[in-house]
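Worksheet: one structure, shown below.
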Amino acid sequence: MTDPQSRAPRRTPLTAVHEGLGATLTDFAGWLMPLRYGSETAEHNAVRRTAGLFDLSHMGELAVTGPDAAAALDYALVGQLTALQPGRARYTMICADDGGVLDDLIVYRLAAQEFLVVANASNTAVVAAALSERTAGKDAAVNDRTSDCALIAIQGPSSAGILAPLTDASLADMRYYSGHPATVAGCPALLARTGYTGEDGFEIFARPQDAERIWAALCEAGTSDGLVPAGLAARDTLRLEAGMPLYGNELGPGITPFDAGLGRVVKLGKPGDFVGRAALARRARAIPERVLVGLTGQTRRVPRHGYNVLWDGAPRGTVTSGAPSPTLGVPIAMAYLASDAAGLAGRGDAAGRLAVDVRGRAEPAVLTPLPFYRRPA
Amino acid sequence: MTVPDELHYTHEHEWVAVSDSIATVGITDHAQNALGDVVYVSLPPPGGKVTAGEPCGEVESTKSVSDIYSPVDGEVTEVNGEIDDDPGLVNSDPYGAGWLFKVRVAADEDPPGLLTAVEYTALIREDE
Chain G
9 MTDPQSRAPR RTPLTAVHEG LGATLTDFAG WLMPLRYGSE TAEHNAVRRT
59 AGLFDLSHMG ELAVTGPDAA AALDYALVGQ LTALQPGRAR YTMICADDGG
109 VLDDLIVYRL AAQEFLVVAN ASNTAVVAAA LSERTAGKDA AVNDRTSDCA
159 LIAIQGPSSA GILAPLTDAS LADMRYYSGH PATVAGCPAL LARTGYTGED
209 GFEIFARPQD AERIWAALCE AGTSDGLVPA GLAARDTLRL EAGMPLYGNE
259 LGPGITPFDA GLGRVVKLGK PGDFVGRAAL ARRARAIPER VLVGLTGQTR
309 RVPRHGYNVL WDGAPRGTVT SGAPSPTLGV PIAMAYLASD AAGLAGRGDA
359 AGRLAVDVRG RAEPAVLTPL PFYRRPA
Chain H
570 MTVPDELHYT HEHEWVAVSD SIATVGITDH AQNALGDVVY VSLPPPGGKV
620 TAGEPCGEVE STKSVSDIYS PVDGEVTEVN GEIDDDPGLV NSDPYGAGWL
670 FKVRVAADED PPGLLTAVEY TALIREDE
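Residue numbers (the working numbering), protein chains in the order written: chain G, 9 to 385; chain H, 570 to 697.
Structure follows, in structure tokens:
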């Protein structure tokens, strides 16, 4: 009998394209995704220097619609979605009663009564269930549209130049964190100026049957700019350099938005109750026991997820994400560190006192303000 | 994956070439492909002793770090000086310019416990 745990991962509308390109594929949250096509460092560098193309069809898309949609989202999420204008998007989170994060999200407002909530692939089911539960009794519907959506992202300084001839949208007029219907390569889409790389870029929500056509059109349009397909490995090092959290590393059920330094997404001032309000209000007033910090390794051995952060030789924190930074040429990491140690580690006399236990050896590190990388103005 | 016939191999994906009592050691094409872009290699110091089957260094890549196990007993005579500045040689030329270290071994014998190219090919086929 087949073990249900070993069910084959789902294919995206573009998996065949990745196979044709010889990508190394991996099972990510139950989806067969490209980890890299060749060198993940080259893919990362392409996004910083020109542009990269990502298949993000594994992400979850949840439509929330109806006369009470905005109010229902104000209750279900920590942000104030009633204040979001149509055509705009917002980074926000959905929390449990105790203030712990269930997922981080981008919410697009398409119309007064129409929202698209984009969730991490690993959390789509949990978010869908929580939204349904939290909208019960309100005039709002929650529909999982994930299977109806392909998502392609083009990210990098050349993105707008490559995309412009392929779309009827006026890219020069698109602010960062906006999104609206447009055609791309002749296909209907939701076009958004959002991303997870720290570069300018666009995310294109399209019908699955149009995915290959849009992908091919972008590849061709991007040839002279050196556009390359980029996989999940590059996606991870890009977001780490940009100081962006990853659910499962910097965010999780035992972590509040405030712990992650993202208290700004919690709108305690919004009218009405929301799930997690009391716990988050208490947490907002409390002195934090630990803070999320950036670390730069001073040797070449890389701090990795789970390694201890040492202050004066004692373990006072844990690395949440770490990798060699292609852009900076040194190891970088994010970690939760005891607040008192973090305060001392930021001072001028901290040299030699902060380290990461890398497989049994203490490798010196310095506290680094996030983000590690900011795109040129 | 390339598996040169004339080399010997370990279960931990190192290759060995022995000539005049000097064993040259590196990691295989299969290993470099699994690791991804190599960013740093920590090698055993020249003059030090290595023991067959024991970890003697590390290969650090974007996503992971792996131990290097010495395939042979002996004294390290030389390490590849190019690797520090260009760790990508391990990816681009794992059997040539990407060699890692050399060990003086007991003469007149093939080191024990190593796999032939045929045996190693079968091993990596099982992994796939």
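Beta carbons: idealized from backbone N, C-alpha and C, even for Gly.
{"query": "Within 8 angstroms of chain H by C-beta, residues of the region 308–327 of chain G in sequence order", "result": "308, 309, 310, 312"}
{"query": "Reduced DSSP category for residue 157 of chain G - H, G, I as helix; E, B as strand; rest coil", "result": "coil"}
{"query": "Distance between beta carbons of residue 116 of chain G and residue 237 of chain G, contact taken as under 8 angstroms", "result": "Rounded, the Cβ-Cβ distance is 25 angstroms, inconsistent with contact."}
{"query": "Proximity winner among G:163, G:137, G:92, G:126, relative to residue 278 of chain G (alpha-carbon distances)", "result": "G:92"}
{"query": "Beta-carbon contacts of residue 71 of chain G that lie in its chain and below 7 angstroms, excluding the five residues immediately before and after", "result": "124, 151, 153"}
{"query": "Counted within 10 angstroms of its Cβ, other Cβ atoms place residue 385 of chain G as buried (16 or more) or exposed", "result": "exposed"}
{"query": "Neighbour flag for residue 609 of chain H against chain G, beta carbons, 9 angstroms", "result": "yes"}
{"query": "Spatial neighbours of residue 578 of chain H in its chain, beta-carbon cut-off 6 angstroms, leaving aside the 5 residues before and after", "result": "584, 684, 689"}
{"query": "N-terminal and C-terminal residue of the beta strand (DSSP E) that residue 188 of chain G is part of", "result": "187–192"}
{"query": "Neighbourhood of residue 614 of chain H by C-beta, 7 angstroms cutoff - its chain only, sequence neighbours within 5 removed", "result": "645"}
{"query": "Residues of the region 243–260 of chain G with Cβ closer than 9 angstroms to any Cβ of chain H, in chain order", "result": "244, 245"}
{"query": "Residue 152 of chain G - containing beta strand (DSSP E), residue span", "result": "149–152"}
{"query": "Cβ-based burial, residue 230 of chain G [other Cβ within 10 Å; buried from 16]", "result": "buried"}
{"query": "C-alpha distance - residue 228 of chain G paired with residue 157 of chain G, whole-angstrom precision", "result": "22 angstroms"}
{"query": "Of the residues H:687, H:612, H:695, the one placed nearest residue 636 of chain H, counting alpha carbons only", "result": "H:612"}
{"query": "Beta-carbon proximity check, residue 251 of chain G vs residue 342 of chain G, cutoff 9 angstroms", "result": "yes"}
{"query": "Chain-ordered neighbours of residue 632 of chain H on chain G, where CB pairs are closer than 7 angstroms", "result": "241"}
{"query": "Proximity to residue 213 of chain G [Cα-Cα], best of G:159, G:318, G:344", "result": "G:159"}
{"query": "Among G:58, G:196, G:15, G:321, nearest to residue 366 of chain G - alpha-carbon criterion", "result": "G:321"}
{"query": "Neighbour-count burial assignment, residue 290 of chain G, 16 or more Cβ in a 10 Å radius", "result": "exposed"}
{"query": "At least 3 beta-carbon pairs within less than 8 angstroms: the region 16–29 of chain G vs the region 61–69 of chain G", "result": "yes"}
{"query": "Cβ contact (3+ pairs, closer than 8 angstroms) linking the region 310–330 of chain G and the region 129–146 of chain G", "result": "no"}
{"query": "Assigned secondary structure, residue 237 of chain G (DSSP; H/G/I helix, E/B strand, else coil)", "result": "strand"}
{"query": "Assigned secondary structure, residue 179 of chain G (DSSP; H/G/I helix, E/B strand, else coil)", "result": "helix"}
{"query": "Residue 345 of chain G versus residue 323 of chain G - alpha carbon distance", "result": "9 angstroms"}
{"query": "Minimum Cβ-Cβ distance from residue 617 of chain H to chain G less than 9 angstroms", "result": "no"}
{"query": "Run of the alpha helix (DSSP H) containing residue 78 of chain G, from where it starts to where it stops", "result": "77–84"}
{"query": "Neighbour flag for residue 48 of chain G against chain H, beta carbons, 9 angstroms", "result": "yes"}
{"query": "3 or more residues per run - each beta strand (DSSP E) lying fully within the region 202–230 of chain G", "result": "209–214"}
{"query": "Every unbroken alpha helix (DSSP H) within the region 588–650 of chain H, with a cutoff of 4 residues, ordered by chain", "result": "598–604"}
{"query": "Any 3 or more C-beta pairs closer than 8 angstroms across the region 249–268 of chain G and the region 71–80 of chain G", "result": "no"}
{"query": "Same chain, Cβ closer than 8 angstroms to residue 358 of chain G, five either side skipped, listed in chain order", "result": "352, 374, 375"}
{"query": "Closer than 9 angstroms to chain H by CB, residue 377 of chain G", "result": "no"}
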